[in-house]
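Inspection log for the structure reproduced underneath, given as structure tokens.
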Ligand SMILES: [Zn+2]
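Numbering (my numbering), first residue to last: -15 to 138.
And the structure:
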């Protein structure tokens, strides 16, 4: 629980939430004098998520590793999308839609296999994926984006 350890070192006390987080389902929270926040996505525990509305749309560009290649694509439904793609690991997620995806495809044109979304692993691509990942587990980062999007919806 890297996120929780970080949060605990900065402020608050890590403990079991009184119930699952309404946004990401985590059971780990950080207790502050003003109340609880989720240790994964930082949603304020007790704030209501309006279940009658569809979840907010968060577009991501994803990097899926499979053997010696990486697929760079985009989706707003990553869990559903990844279930349909053969892969070993989710390497990284970055916020962005088709325009960011197009930019990445052009950036790594030398590594690209034909017209596919698959790219050969190279030092440049590996360094890029590590930079995008930023030392944070991709699903943890995604949960925070969803939490922010829910909060912005009000
Ligand atoms: Zn959460």
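Where is the CB? At the ideal position from N, CA and C, for every residue including glycine. Keep in mind the model is a prediction, meaning the values are calculated, not measured.
Cβ-based burial, residue 18 [other Cβ within 10 Å; buried from 16]: So residue 18 ends up on the exposed side.
Environment of residue 93 [buried if 16+ CB atoms lie within 10 Å]: Residue 93 counts as exposed, since fewer than 16 other beta carbons sit within 10 angstroms of its beta carbon.
beta-carbon residue 24 near ligand 1 non-hydrogen atom, thresh 8 Å: Residue 24: yes, Cβ under 8 Å from ligand 1.
Nearest-angstrom Cα separation, counted from residue 2 out to residue 89: C-alpha separation (whole angstroms): 44 Å.
Start and end residues, beta strand (DSSP E) containing residue 7: In the DSSP assignment, residue 7 falls outside any beta strand (DSSP E) and carries neither an H nor an E.
At least 3 beta-carbon pairs within less than 8 Å: the region 7 to 25 vs the region 57 to 71: Short answer: they don't touch.
Buried versus exposed call for residue 87 [16 or more other C-beta atoms within 10 Å across all chains shown]: The residue is exposed, with fewer than 16 neighbouring Cβ atoms inside 10 Å.
Cβ neighbour criterion (16 or more within 10 Å) applied to residue 128: Label assigned to residue 128: buried.
Residue 31 vs residue 12 beta-carbon contact at 9 Å: Against a cut-off of 9 Å, the Cβ pair of residue 12 and residue 31 comes out as no contact.
Per-residue DSSP class, three states only, for residue 20: Here residue 20 sits in strand by DSSP.
Extent of the continuous alpha helix (DSSP H) to which residue 117 belongs: Per DSSP, residue 117 belongs to the alpha helix (DSSP H) from 107 to 117.
Between the CA atoms of residue 55 and residue 99 - distance to the nearest angstrom: Cα-Cα distance, rounded: 12 Å.
DSSP state of residue 33 mapped onto helix, strand, coil: Residue state, collapsed to three classes: coil.
Contacts around residue 136, its chain only, beta-carbon distance under 8 Å, and the 5 residues preceding and following it disregarded: Only residues of its own chain outside the window of five on either side were considered, and among them 40 have a CB closer than 8 Å to the CB of residue 136, listed in chain order.
heavy atom of ligand 1 below 8 Å from residue 30 C-beta: Distances taken from the Cβ of residue 30 to the heavy atoms of ligand 1 include none shorter than 8 Å.
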